[in-house]
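Asker: The following block contains the structure, expressed as structure tokens.
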Amino acid sequence: MKKIIALSSLAFLSTLAFADADMQKQIDDLKAQLEKLEKSQDSQDKQISKVNAQSAKDNIKFDVDFRTSYDKLAYETASGKTYSNDALYSNRLWLGMGYAPTDEMIFKGQLAFNKAFGASSIEDNVPQRGYGFDAFDWVINENLTDDTLKVREAYWLWMPTVSGLQTTLSVGRRPATNGSLINLRDDDKEQSPLGHVINMEFDGASASVKLDQIAQGMSFKLCLGRGLTNANSRFTNTPDGASIDYSVDNSNTALENVDMAGFIFVPYNDGQYSVKTTWYRGFNVPGMYLSDYDFAGTPMDPTDDTATYNMQSAGTMDGAAISLMSNGIGEEINDFLDETIVFASFAMSKSDASSVSIDRTANALAAIGQMGIDANSMMGSSNSEVGTSIWIGTQMPNLTGGKFGLEYNKGSKYWRPFTYGEDTMIGSKIAVRGQAYEAYWTQPIIDDAFSMQIRYTYLDYDYTGSNGFFGDGGTPIAIEDAVALGMDPVEKASDLRVYFRYRY
Numbered sequence: 015m016k017k018i019i020a021l022s023s024l025a026f027l028s029t030l031a032f033a034d035a036d037m038q039k040q041i042d043d044l045k046a047q048l049e050k051l052e053k054s055q056d057s058q059d060k061q062i063s064k065v066n067a068q069s070a071k072d073n074i075k076f077d078v079d080f081r082t083s084y085d086k087l088a089y090e091t092a093s094g095k096t097y098s099n100d101a102l103y104s105n106r107l108w109l110g111m112g113y114a115p116t117d118e119m120i121f122k123g124q125l126a127f128n129k130a131f132g133a134s135s136i137e138d139n140v141p142q143r144g145y146g147f148d149a150f151d152w153v154i155n156e157n158l159t160d161d162t163l164k165v166r167e168a169y170w171l172w173m174p175t176v177s178g179l180q181t182t183l184s185v186g187r188r189p190a191t192n193g194s195l196i197n198l199r200d201d202d203k204e205q206s207p208l209g210h211v212i213n214m215e216f217d218g219a220s221a222s223v224k225l226d227q228i229a230q231g232m233s234f235k236l237c238l239g240r241g242l243t244n245a246n247s248r249f250t251n252t253p254d255g256a257s258i259d260y261s262v263d264n265s266n267t268a269l270e271n272v273d274m275a276g277f278i279f280v281p282y283n284d285g286q287y288s289v290k291t292t293w294y295r296g297f298n299v300p301g302m303y304l305s306d307y308d309f310a311g312t313p314m315d316p317t318d319d320t321a322t323y324n325m326q327s328a329g330t331m332d333g334a335a336i337s338l339m340s341n342g343i344g345e346e347i348n349d350f351l352d353e354t355i356v357f358a359s360f361a362m363s364k365s366d367a368s369s370v371s372i373d374r375t376a377n378a379l380a381a382i383g384q385m386g387i388d389a390n391s392m393m394g395s396s397n398s399e400v401g402t403s404i405w406i407g408t409q410m411p412n413l414t415g416g417k418f419g420l421e422y423n424k425g426s427k428y429w430r431p432f433t434y435g436e437d438t439m440i441g442s443k444i445a446v447r448g449q450a451y452e453a454y455w456t457q458p459i460i461d462d463a464f465s466m467q468i469r470y471t472y473l474d475y476d477y478t479g480s481n482g483f484f485g486d487g488g489t490p491i492a493i494e495d496a497v498a499l500g501m502d503p504v505e506k507a508s509d510l511r512v513y514f515r516y517r518y
């Protein structure tokens with residue numbers, strides 16, 4: 015019996031040994047297969063990552079910003095006359111694009127149109143809507159024109175690290191509208207210019223460097239731009255047959271190159287508290303000048319007189335600004351104060367008419383003399399004139415998840431910024447020589463994709479010429495003095511806007 019038990023145990027153990035060996039072989043085979051699968055998976059992951067990266071770099075990414083607006087405009091002159099538009103409807107499209115072939119190089123562009131309902135292009139000088147300066151390059155995409163897509167932005171941005179410093183270099187049609195502070199009421203991402211002095215399109219270049227090792231958020235940016243090019247057109251020939259395509263136009267009626275140079279210096283920005291400064295100089299800035307005047311009928315009655323104005327090059331214009339902003343009040347006192355923004359900004363402008371030389375007839379000289387305008391002048395004065403402006407505002411959260419804002423502007427007699435592209439139908443509120451009051455409510459409807467805004471802007475002018483250029487048309491004449499001269503300038507203006515906006 016013991017022998018039988020021993021033999022059975024031996025057989026059982028032998029079976030277990032063979033089974034264990036067989037199982038180990040299966041486990042080893044499974045391990046080998048798993049390692050093979052893992053290698054295959056790694057290879058596929060690398061290929062997929064390579065394909066995804068190549069796909070991302072081989073495709074321009076697009077975004078859409080489409081806005082439909084209603085504006086109710088009202089103007090009142092010094093004599094009490096009123097002009098209005100109770101139903102101005104418009105559509106604005108921004109079609110953005112971007113492409114990044116490397117982590118250090120980006121291309122960005124934006125096509126746009128901004129048109130009134132039913133507006134069409136101008137044919138045979140018979141527009142279906144008024145034109146004038148609508149097509150001026152500084153504001154071609156901010157004015158109401160037609161539904162032709164135009165280039166609003168197109169530039170490359172190179173972001174190398176040099177000696178441990180983050181730098182940028184960019185050339186093209188740069189984003190120079192919707193800058194700091196003005197972007198709050200426009201509900202846009204902040205662009206680099208300070209909106210108190212610059213808000214217009216231009217072609218140029220910029221170079222910047224971050225200086226965080228000196229102070230938190232410190233940076234310096236150099237900006238260069240050309241707002242107008244003096245060059246003859248294609249297939250231009252002289253009277254003696256010389257072909258001079260794109261050469262400098264030396265005729266008396268030609269405008270000089272309009273160039274701009276300046277810098278933006280941010281001494282401090284910790285995300286909550288920020289200080290931003292800027293300075294610039296515009297060269298050969300243009301203006302409308304009275305070149306001839308026909309005194310028809312009674313000299314004291316200007317209604318039947320004929321005035322001839324020409325756009326001519328003026329002198330240089332300097333500008334500077336300092337803007338302070340607090341993105342949140344205090345340190346976590348409550349949600350309302352945490353989401354409240356307050357800001358204050360001071361700006362100045364300074365003209366230099368020393369190089370101005372304007373061709374005028376004797377009648378034109380007599381006419382401008384009656385208005386106190388100097389012969390060779392900028393904004394009516396041959397002296398260097400300084401203008402100043404203040405701008406304060408706040409943006410607060412409301413119970414509906416939107417934002418409510420209040421802003422106030424005040425500009426002096428000779429105040430002149432480059433804010434011709436400001437998104438205000440009645441003219442730039444920043445450029446007002448007087449006072450401007452504004453209130454707005456911006457409300458998201460569907461997440462960040464669909465929103466609406468109600469905005470009211472009121473302008474109260476103390477002087478004429480707030481929305482003029484740098485010549486006679488920009489001359490500041492006190493409203494009461496203008497009336498005494500037989501003029502009837504706009505003294506008050508308002509714009510009530512409601513818009514709906516889709517962004518994706």
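Just add 14 to the spot in the sequence shown (first one is 1) and you have this note's numbering. Glycine is no exception: its CB is placed at the ideal position from the N, C-alpha and C atoms. As the structure is a computational prediction, the values presented were derived from the model and not from experiment.
Nearest-angstrom Cα distance between GLU7 and THR91?
Answerer: The structure shown does not extend to residue 7, since the chain is modelled only from 15 to 518, so the question has no answer here.
Asker: Under 8 Å: do the stretch 283 to 294 and the stretch 363 to 380 share three or more Cβ pairs, one atom per stretch?
Answerer: No, the stretch 283 to 294 is not in contact with the stretch 363 to 380.
Asker: Quick one: which unbroken beta strand (DSSP E) runs of 3-plus residues sit fully inside the stretch 146 to 200? Chain order, please.
Answerer: DSSP runs (the beta strand (DSSP E)) wholly in the stretch 146 to 200: 164 to 172, 179 to 188.
Asker: Specify the secondary structure class of ASP349 as computed by DSSP and reduced to three states.
Answerer: In the structure shown, ASP349 sits in a helix (DSSP, three-state: H, G or I).
Asker: Going by beta carbon distance, what residues of the same chain come within less than 6 Å of ARG430, once the five residues before and after it are set aside?
Answerer: Result list for ARG430: SER363, GLY401, in chain order.
Asker: Excluding the five sequence neighbours on either side, which residues of its own chain have a C-beta within less than 6 Å of the C-beta of SER403, listed in chain order?
Answerer: Same-chain partners within the cutoff: ALA361, GLY425, TRP429.
Asker: Could you give the first and the last residue of the continuous beta strand (DSSP E) run that contains ILE493?
Answerer: ILE493 -> not in any beta strand (DSSP E); alpha helix (DSSP H) instead, spanning 493 to 498.
Asker: Determine the burial state of LYS443: buried for a count of at least 16 other Cβ atoms within 10 Å of its Cβ, exposed for fewer.
Answerer: Per the 10 Å Cβ criterion, buried.
Asker: According to DSSP, is GLN230 helix, strand or coil?
Answerer: Reduced to three states, the DSSP call for GLN230 is coil.
Asker: My understanding is that GLY209 touches GLY193, with C-beta atoms under 8 Å, so please give their C-beta distance in whole angstroms.
Answerer: Confirmed, Cβ separation roughly 4 Å.
Asker: Given a cut-off of 7 Å, decide if ALA219 and LEU238 are closer than it, judged by their beta-carbon atoms.
Answerer: Contact flag set, yes.
Asker: Along the chain, which unbroken stretches of the beta strand (DSSP E) at least 3 residues long are found entirely within the stretch 330 to 398?
Answerer: For the stretch 330 to 398, whole beta strand (DSSP E) runs of length 3 or above, ordered along the chain, are 330 to 341, 355 to 366.
Asker: Kindly list the residues whose CB is nearer than 6 Å to the CB of GLN6, restricted to its own chain and excluding five residues on each side of it in sequence; keep chain order.
Answerer: Outside the shown range of the chain (15 to 518) lies residue 6, about which nothing can therefore be said.
Asker: In angstroms, rounded to a whole number, what distance separates the CA positions of TRP170 and THR182?
Answerer: Distance between the alpha carbons of TRP170 and THR182: 10 Å.
Asker: Please determine if the stretch 368 to 377 and the stretch 462 to 473 are in contact, where contact requires at least 3 C-beta pairs separated by less than 8 Å.
Answerer: Judged by Cβ distances under 8 Å, the stretch 368 to 377 makes no contact with the stretch 462 to 473, as fewer than three pairs qualify.
Asker: Confirm, please, whether the CB-CB distance from GLN326 to TYR303 is below 7 Å.
Answerer: Yes, they are a contact pair.
Asker: Answer yes or no: do ASN213 and THR191 have a C-beta to C-beta separation smaller than 7 Å?
Answerer: It is a contact, given that the beta carbons lie within the stated cut-off.
Asker: Out of ASP161, GLY487, GLY479, ARG511, state which residue places its alpha-carbon closest to the alpha-carbon of THR456.
Answerer: The shortest Cα separation from THR456 among ASP161, GLY487, GLY479, ARG511 belongs to ARG511.
Asker: Please work out which residues of its chain come closer than 7 Å, Cβ to Cβ, to LEU107, disregarding the five sequence neighbours upstream and downstream, and give them in chain order.
Answerer: Result list for LEU107: PHE80, ALA126, PHE127, in chain order.
Asker: Rounded to the nearest angstrom, what separates GLN185 and LYS203 at their Cα positions?
Answerer: Residue identity check: residue 185 is Val in the sequence provided, not Gln. If you take the alpha carbons of VAL185 and LYS203, they lie about 20 Å apart.
Asker: Can you grab the Cα-Cα spacing for the pair GLY241 / GLY435, in whole Å?
Answerer: Taking the straight line from one Cα to the other gives about 13 Å.
Asker: What would DSSP say about ILE74, mapped onto helix, strand or coil?
Answerer: Coil, per DSSP.
Asker: Within the continuous beta strand (DSSP E) that includes MET302, where are the two ends?
Answerer: That run of the beta strand (DSSP E) goes 300 to 308.
Asker: Mapping DSSP to helix, strand and coil, what is ILE41?
Answerer: Helix at ILE41.
Asker: Using the Cα positions of ASP85 and THR96, report the straight-line distance between them to the nearest angstrom.
Answerer: If you take the alpha carbons of ASP85 and THR96, they lie about 16 Å apart.
Asker: At 3 residues or longer, what runs of the beta strand (DSSP E) sit wholly inside the stretch 412 to 444?
Answerer: Complete beta strand (DSSP E) runs here, min 3: 417 to 425.
Asker: Based on the DSSP output, what are the partners of VAL289 in its beta bridges?
Answerer: TYR282, LEU338, per the DSSP bridge assignment.
Asker: Does the distance from the CB of ASP391 to the CB of ALA367 come in under 7 Å?
Answerer: Per the sequence shown, the amino acid found at residue 391 is Ser instead of Asp. Cβ atoms of SER391 and ALA367: closer than 7 Å.
Asker: State the Cα-Cα distance for the pair THR250 and LEU198, rounded to the nearest angstrom.
Answerer: The alpha-carbon atoms of THR250 and LEU198 are separated by roughly 47 Å.
Asker: Can you list, in chain order, the residues of its chain with a C-beta nearer than 8 Å to that of TYR439? Leave out the 5 residues immediately preceding and following it.
Answerer: Inspection of the sequence shows that residue 439 is occupied by Met rather than by Tyr. Within the same chain, MET439 has close Cβ partners ASP85, LEU87, LEU102, ASP509, ARG511.
Asker: Tell me which residues share the same chain as ILE459 and place their Cβ nearer than 7 Å to its Cβ, disregarding the 5 neighbours each side in the sequence.
Answerer: So the qualifying residues of the chain are SER465, MET466.
Asker: Measure how close the beta-carbons of LYS235 and SER222 come, nearest whole angstrom, since I'm counting them as under 8 Å.
Answerer: Indeed they touch by this definition, with Cβ atoms about 4 Å apart.
Asker: Which residues in the same chain as LEU499 place their Cβ atom closer than 8 Å to its Cβ, once the five residues preceding and following it in sequence are excluded?
Answerer: Cβ neighbours of LEU499 beyond the five flanking positions: GLN384, MET385, ILE491.
Asker: Starting from the C-beta of GLY487, find all residues in its chain whose C-beta is less than 6 Å away, skip the five residues before and the five after it, and write them out in chain order.
Answerer: So the qualifying residues of the chain are MET302.
Asker: Measuring only the C-alpha atoms, how far is ALA133 from ASP161?
Answerer: Straight-line Cα distance between these residues: approximately 8 Å.
Asker: Looking at VAL211 and GLY333, is the spacing between their C-beta atoms short of 7 Å?
Answerer: Yes, the Cβ-Cβ distance between GLY333 and VAL211 is below 7 Å.
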